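When the sequence shown is numbered by numbering that gives the first Met the number 0, its final residue is 694 and no position is left out of the sequence of numbers. Only one structure is covered here, and it is reproduced in the block below.
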Amino acid sequence: MATEVRRSIEEPERVGKLWEAMERGRANRAATIEKAGLDLPAFRDRVRSIKETAAQDPTIAEAFAEAVRTNGGRVFFAATGREAVQYLLDVCRANGAEFLVKSKSLTSEEIELNQGLAAEGIRAIETDLGELLCQVAGEKPSHLVFPAIHMTSDRIARMLTEAYGEPIAPEPSSILSAVRARLRPQFLDAKVGVTGANIGVAETGSIVVETNEGNGRLVTSVPRVHVALIGLEKIVRRWEDAADLVRGHAISATGQRMTVYVSLLSRRLPVGGDPADREFHVVILDNGRTRMRADPSFRDALNCIRCGACMNVCPTYGVTGGHVFGHIYPGPIGIPWTAKVHGLEEASFAHLCVSCGLCHEICPVDIDIPWMIAKVKEQDVEVHGQPTAERFFMASEAFAKVACLAAPLANGFLRTGPARILMERILGVDRRRTLPPFARRTLRSRVRNRRATEGRVGKVAFFPDLYAEYNNPDLGLKAIEILERLGYAVLIPNVRWSGMPYVSYGQLGKASALAAVNLRVLGPLVDQGYDIVSTEPTAVYMLRKVYPKLVEGDLATTVGTHSYGFFEFIERGIAGLPLRPSRDVAGVVGFHIPCHDRALSSGAPAMRFLERASYRVRVVETGTCCGIAGTFGMKSGWLGYELSMAVGEKLFEQFRQSGCDLVATESSVCTLQLGDGLGRTILHPLDLVRLEGTG
Ligand code: SF4
Ligand code: SF4
Numbered sequence: 000m001a002t003e004v005r006r007s008i009e010e011p012e013r014v015g016k017l018w019e020a021m022e023r024g025r026a027n028r029a030a031t032i033e034k035a036g037l038d039l040p041a042f043r044d045r046v047r048s049i050k051e052t053a054a055q056d057p058t059i060a061e062a063f064a065e066a067v068r069t070n071g072g073r074v075f076f077a078a079t080g081r082e083a084v085q086y087l088l089d090v091c092r093a094n095g096a097e098f099l100v101k102s103k104s105l106t107s108e109e110i111e112l113n114q115g116l117a118a119e120g121i122r123a124i125e126t127d128l129g130e131l132l133c134q135v136a137g138e139k140p141s142h143l144v145f146p147a148i149h150m151t152s153d154r155i156a157r158m159l160t161e162a163y164g165e166p167i168a169p170e171p172s173s174i175l176s177a178v179r180a181r182l183r184p185q186f187l188d189a190k191v192g193v194t195g196a197n198i199g200v201a202e203t204g205s206i207v208v209e210t211n212e213g214n215g216r217l218v219t220s221v222p223r224v225h226v227a228l229i230g231l232e233k234i235v236r237r238w239e240d241a242a243d244l245v246r247g248h249a250i251s252a253t254g255q256r257m258t259v260y261v262s263l264l265s266r267r268l269p270v271g272g273d274p275a276d277r278e279f280h281v282v283i284l285d286n287g288r289t290r291m292r293a294d295p296s297f298r299d300a301l302n303c304i305r306c307g308a309c310m311n312v313c314p315t316y317g318v319t320g321g322h323v324f325g326h327i328y329p330g331p332i333g334i335p336w337t338a339k340v341h342g343l344e345e346a347s348f349a350h351l352c353v354s355c356g357l358c359h360e361i362c363p364v365d366i367d368i369p370w371m372i373a374k375v376k377e378q379d380v381e382v383h384g385q386p387t388a389e390r391f392f393m394a395s396e397a398f399a400k401v402a403c404l405a406a407p408l409a410n411g412f413l414r415t416g417p418a419r420i421l422m423e424r425i426l427g428v429d430r431r432r433t434l435p436p437f438a439r440r441t442l443r444s445r446v447r448n449r450r451a452t453e454g455r456v457g458k459v460a461f462f463p464d465l466y467a468e469y470n471n472p473d474l475g476l477k478a479i480e481i482l483e484r485l486g487y488a489v490l491i492p493n494v495r496w497s498g499m500p501y502v503s504y505g506q507l508g509k510a511s512a513l514a515a516v517n518l519r520v521l522g523p524l525v526d527q528g529y530d531i532v533s534t535e536p537t538a539v540y541m542l543r544k545v546y547p548k549l550v551e552g553d554l555a556t557t558v559g560t561h562s563y564g565f566f567e568f569i570e571r572g573i574a575g576l577p578l579r580p581s582r583d584v585a586g587v588v589g590f591h592i593p594c595h596d597r598a599l600s601s602g603a604p605a606m607r608f609l610e611r612a613s614y615r616v617r618v619v620e621t622g623t624c625c626g627i628a629g630t631f632g633m634k635s636g637w638l639g640y641e642l643s644m645a646v647g648e649k650l651f652e653q654f655r656q657s658g659c660d661l662v663a664t665e666s667s668v669c670t671l672q673l674g675d676g677l678g679r680t681i682l683h684p685l686d687l688v689r690l691e692g693t694g
């Protein structure tokens, strides 16, 4: 894996192209959602409920099969990919076909149809441009929607020139003309056409095939035999469900209002000759889907509409591409899908996931992909063991406690080159990564003797997490001071850290145990009217989004709904605060939104806080992670620091170009990444403000 990651990073042209395509995909999608005036949360709920019903109700596939037969079609239920391939082979042999033409090939990739046919002397000819290019190159698709997203037009032209034996220029029009001229006779000569299907509709036994190139219509209509291969989770009961999915596919996959060709196929119509002579087959594929349906941890993966939006936001996919970050199904959703359909051994690319959570945020079906990935990692580390660096970072709390007790010594040690080399060799902590120094006195020890204030407005339990407790107690003190000035009584509860590394590194048992400990402390406080507030976005993300999955019952949900980011919480009373800037306000503050804050408040309250203190604030972003992803970017090697900095490079460049005078972010680890990438001081918004009447 490390070698493949290294190779990916060392191909800047390919990475640049992939990154641009992802940005375009996100921008088009966002623009269409806005233009269409789509109520995204409502639409998400609707698509999710359609897919949940489709994926969980086995009677729908039966009803669909019955309706296809009534229409004169033939249906085969394939329990495995091998059975599906055998059925296709039998159809080809029965029709004397030496080759077949294909469109919408993703599901056939899953069952490795081309290889199965080739072993028996039958050629499969891809006709979707992206798939065709992958076939010519002898490569797997690297994206669910744009299989050849990783290829430059120069490379495509060179490849086709060699394959077709004629010069082809790298302009899209030349490439398309050459491909079209090659494909036309093959459509006409083919006896069998094979397509996937986006949707099956049980009430009429119809399939829906959505394409943007038009070739799908030739594959389904010209050959005498059409075989549609459809996963059983794609079959819905009614047309109104199908209509919503068609809309969802277009908007989320390509940012179109509607896919260019939406073909609704119910029966084969005569094209001259005897209509009975034209065959329509549907292969309904299980291949692990029933197993997935029975597993509560992975069932959600069946709700995927294959839009690819999760890939367009995934930071490490953006650098490594789908050949490294994928097996047959690439990208974030490819991880659980691969683990369940192709087996855990093929899903080791799960460790490229840095738990940023962005794929969940963008998914139009609200699939909790990061949670399923954590489950895959959990199973994988059980089998293959845990790397030393990951074990070290999961012990961060214990390390921080000891380091704080001997802070001058520990800080001196962490600054010395030989010590860092030793740490890298023994613990796998990259020597180049700046680590935050430890404070001589923890936040708790500094507030121990403070006089408690009366809570005029309410009560707050301040959750410091590691950074404000052990590294930067001044930050915690400032936050507490502001809360008290706003009229809150503040205490620091006897909690431990929030424990994100346990989730990131697949130790969900330990994560659950830690969450239970913290909830036992926080639950009673919430009952007494306390709200939980933290300056660390990841801590709030854990409390609000992750603990309810780690610990069953209402307690975690109750605590989660009373947990807030610091700036989000103080917004209500901020008008009364005498905020003053602590730096020159003539310049612009470039603001970085941490990933876990995107799921909470998108950094907006922190930016408004700075604006109230007279700063001009500008978001500087790539739309994805800065790359450090908690402790991922502290690990040494290509599966840590190198990949982390390669992800971050786009953001660093944007900051360099932004001309911003100051750089701010709320997250302690994003601070390290930006500091290392930009070589300048990164500030917390609280560093930029002072309260009038204080020093
Ligand atoms: S998991 Fe969600 S975002 Fe990813 S391809 Fe499936 S539906 Fe689209
Ligand atoms: S959580 Fe982040 S890194 Fe992991 S798969 Fe999703 S987008 Fe990629």
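For each residue, glycine too, the CB sits at the ideal point set by N, CA and C. What you are looking at is a predicted structure, and each value in this text was computed from that prediction instead of being measured.
- Remark: the C-beta of Y316 is in contact range of ligand 2, defined as less than 8 Å to any heavy atom.
- Around ligand 2, the residues whose beta-carbon falls short of 5 Å from at least one of its heavy atoms are C313, P331, C352, V353, C355, L357, C358 and P369, given in chain order.
- In this structure, DSSP gives F437 a state outside helix and strand, which the three-state scheme calls coil.
- Beta bridge pairing from DSSP links K101 with E125 and V193.
- Annotation for I198 indicates a beta carbon at 8 Å or more from all heavy atoms of ligand 1.
- When Cβ pairs closer than 8 Å are counted between the two stretches, the stretch 476–493 is seen to touch the stretch 510–530, the count reaching three or more.
- In the three-state reduction of the DSSP assignment, K509 falls in the helix class, which pools H, G and I.
- Straight through space, the alpha carbons of G317 and S152 are spaced by roughly 19 Å.
- If you check the C-beta of I361 against ligand 1, you find a heavy atom less than 8 Å away.
- Its Cα nearest to that of G72, the residue V282 stands out among R611, H359 and V282.
- Rounded to the nearest angstrom, the gap between the Cα atoms of P536 and V456 is 24 Å.
- Listed as beta-bridge partners of G230 by DSSP are L284.
- A direct Cα-Cα distance of roughly 56 Å separates A406 from C133.
- By the neighbour-count criterion, in which 16 or more other beta carbons inside 10 Å mark a residue as buried, P146 falls on the buried side.
- Boundaries of the beta strand (DSSP E) around P580: L578 to P580.
- Inter-segment contact for the stretch 543–558 and the stretch 500–514 is present: three or more beta-carbon pairs are separated by less than 8 Å.
- By DSSP's assignment, S562 forms a beta bridge with I531.
- Residue E209 holds the alpha-carbon nearest to the alpha-carbon of G247 among M633, E209 and S347.
- For G411, the enclosing alpha helix (DSSP H) covers residues A406 to R414.
- Scanning the stretch 290–319 from its first residue to its last, the whole alpha helix (DSSP H) runs of 4-plus residues come out as 314–319.
- Distance check between T556 and each of A338, V539, G586 and F566 places V539 closest, using alpha-carbon atoms only.
- Of all alpha-carbon atoms in Y563, E61, L518 and F568, the one lying nearest the alpha-carbon of L554 is that of L518.
- When DSSP states are grouped into helix, strand and coil, Y504 belongs to the coil group.
- Contact fails between the stretch 386–404 and the stretch 363–373, because fewer than three Cβ pairs, one in each stretch, are under 8 Å apart.
- For M393, the CB stays at least 8 Å from every heavy atom of ligand 1.
- Distances taken from the Cβ of I304 to the heavy atoms of ligand 1 include one shorter than 8 Å.
- Counting only residues of its own chain and dropping the five nearest sequence neighbours on each side, V618 has a CB closer than 6 Å to the CB of F590.
- Per the coordinates, the alpha-carbon of H359 lies some 32 Å from the alpha-carbon of L426.
- Here E19 is exposed. Its C-beta has fewer than 16 other C-beta atoms within 10 Å.
- In this structure, A308 has its beta carbon less than 8 Å from a heavy atom of ligand 1.
- Apart from sequence neighbours up to five positions away, the residues of its chain that approach P500 with a beta-carbon distance below 7 Å are F392, M393, S395, G629 and T630, ordered along the chain.
- For E119, the CB contacts under 6 Å within the same chain, skipping 5 residues up- and downstream, are L88 in chain order.
- When the Cα atoms are used, P386 and L351 turn out to be separated by approximately 14 Å.
- Judged by their CB atoms, L217 and I124 are not nearer to each other than the 9 Å cut-off.
- With a threshold of 8 Å, the Cβ atom of S251 counts as near ligand 1, since some heavy atom of the ligand is closer than that.
- Across the structure, R419 and T433 are spaced so that their CA atoms are roughly 10 Å apart.
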